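A.B. asks:
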Amino acid sequence: MRSKNVARLALAAGVAAVVLSASGVTAAGASTAKTSASRVSMVPISAAGVSQAQAQPGRCHTSALAARAGRVDAGAGQRYAPLVLTNVSSKTCWVYGYVGLIMIDGRGDVLRTRTRRDGTTPRKVTLRPRASAYTKVHWTEVRSGREAACPASARVIILPPDEVNAHLEIPFTAAPCDDGRLDVSPLAPGTHP
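Sequential numbering of the sequence shown, starting at 207, is according to our numbering.
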């Protein structure tokens, strides 16, 4: 959309330059009209402005990403693991915000998953080809309330930010308690904190 607006603006500037040139007015406002015949000269439109706008990277779509889970760190019933998204396309793109997560058990059934954002302000992360961004996932394996057991996941579906029609699915072994609560941070550059 932005590149169309830049192209339209460049076209309008070119048309204005032709009109002004035909009427004998220069950029400085002085008249260049001749008494015999007026000349119309074309003013070249710089393609650099248009190509720079077109070269801006777009949002990373699911098809441009691969996912993997990093090493799980454990302590006092708490678990932390990075989920890493890597740009596998040949073009630079960006991600912004939080992932969505859905856990799946060993039979392929969806488990209750409550993905909670940690409240950190997200920032845009630009990913060159083969570059990565991660989200830090936290969960507890300590039962609370009336929980008799915490269901174990075998896989996790990852929904990259702003993607609704496609997802990534990777192995992910966890047994989050508190009704399947997973706390996530916004995507950040790199593969781990």
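Where a beta carbon is used, it is the ideal one built from N, C-alpha and C, also for glycine.
Fair warning: this is a prediction, and the values are worked out from it, not measured in the lab.
1. From which residue to which residue does the beta strand (DSSP E) around ASP389 run?
2. Starting from LEU393, follow its DSSP beta bridges and name the residues at the other end.
3. Could you give the distance in angstroms between the alpha-carbon of ALA404 and the alpha-carbon of SER269?
4. Quick one, are the C-beta atoms of LEU317 and GLY386 less than 7 Å apart?
5. Helix, strand or coil for ALA339, going by three-state DSSP, please let me know.
6. If we cut at 7 Å on Cβ distances, does SER359 have a partner in chain D?
7. Note down the Cα distance separating SER227 from TYR302, rounded to an integer number of angstroms.
8. Go ahead and pull the three-state DSSP assignment for THR268.
9. Can you tell me whether DSSP reads ALA372 as helix, strand or coil?
10. Between which two residues does the beta strand (DSSP E) holding GLY281 run?
11. Between the beta-carbon of PRO366 and the beta-carbon of TYR304, is there less than 7 Å?
12. Enumerate in chain order the residues of its own chain whose CB-to-CB distance from VAL343 is below 6 Å, with the five nearest sequence positions on each side excluded.
13. For the stretch 378-385 against the stretch 353-364, are there 3 or more C-beta pairs whose distance is under 8 Å?
14. Can you tell me which of the three DSSP states ALA273 falls into?
15. What do you get for ASN371, buried or exposed, if any count of 16 or more other CB atoms within 10 angstroms of its CB means buried?
16. When you compare each of PRO357, GLU347, THR341 to PRO399 by their alpha carbons, which one comes out closest?
17. Have a look at ARG352, PRO263, ALA275, MET309 and flag the residue whose alpha-carbon is nearest the alpha-carbon of TRP300.
18. Is PRO328 near the ligand NAP - that is, is its Cβ less than 6 Å away from at least one heavy atom of it?
19. I need the DSSP call for ALA261, collapsed to helix, strand or coil.
C.D. replies: The answer reads as follows:
1. On the sequence shown, position 183 is the one that residue 389 refers to. Its beta strand (DSSP E) spans residues 387-390.
2. Taking the sequence shown and counting its residues from 1, the one referred to as residue 393 is at position 187. Note: LEU393 sits in no beta bridge, so no partner.
3. Summary: the structure shown does not reach residue 404, with the chain confined to residues 207 through 399, and so no result is reported for it.
4. Residue numbering aside, residue 317 sits at position 111 when the sequence shown is read from its first letter. Residue numbering aside, residue 386 sits at position 180 when the sequence shown is read from its first letter. By the CB criterion at 7 Å, LEU317 and GLY386 fall inside the cutoff.
5. Here residue 339 is taken as the residue at index 133 of the sequence shown, counted from 1. ALA339 falls in the strand class under three-state DSSP.
6. In the structure shown, chain D cannot be found, because there is only a single protein chain.
7. Working through the sequence shown from its first residue, we reach residue 227 at position 21. Working through the sequence shown from its first residue, we reach residue 302 at position 96. Its pLDDT being 38, under 50, SER227 is placed unreliably in this model, and the coordinates cannot settle the point.
8. Indexing the sequence shown from 1 puts residue 268 at position 62. In the structure shown, THR268 sits in a helix (DSSP, three-state: H, G or I).
9. Looking up residue 372 in the sequence shown gives position 166. DSSP places ALA372 in coil when its eight states are reduced to three.
10. Counting from one through the sequence shown, the residue named residue 281 turns up at place 75. Per DSSP, GLY281 is one residue of the beta strand (DSSP E) stretching across 279-281.
11. Against the sequence shown, residue 366 aligns to sequence position 160. Against the sequence shown, residue 304 aligns to sequence position 98. No, Cβ-Cβ distance for PRO366 and TYR304 is not below 7 Å.
12. For the purposes of this step, residue 343 is taken as residue 137 along the sequence shown, with counting starting at 1. Within the same chain, VAL343 has close Cβ partners ALA287, LEU289, LEU388, VAL390.
13. Result yes; three or more Cβ-Cβ pairs closer than 8 Å.
14. Looking up residue 273 in the sequence shown gives position 67. Strand at ALA273.
15. For this step, residue 371 is matched to residue 165 along the sequence shown. Under this definition ASN371 is an exposed residue.
16. Taking the sequence shown and counting its residues from 1, one reaches residue 399 at position 193. PRO399 has its Cα closest to that of THR341, out of PRO357, GLU347, THR341.
17. Reading the sequence shown from its first residue, position 94 is the one you call residue 300. The shortest C-alpha to C-alpha distance from TRP300 to any of ARG352, PRO263, ALA275, MET309 is the one to PRO263.
18. The ligand content of the structure shown is nil, which means the ligand NAP is not present either.
19. Looking up residue 261 in the sequence shown gives position 55. Note: ALA261 maps to helix in three-state DSSP.
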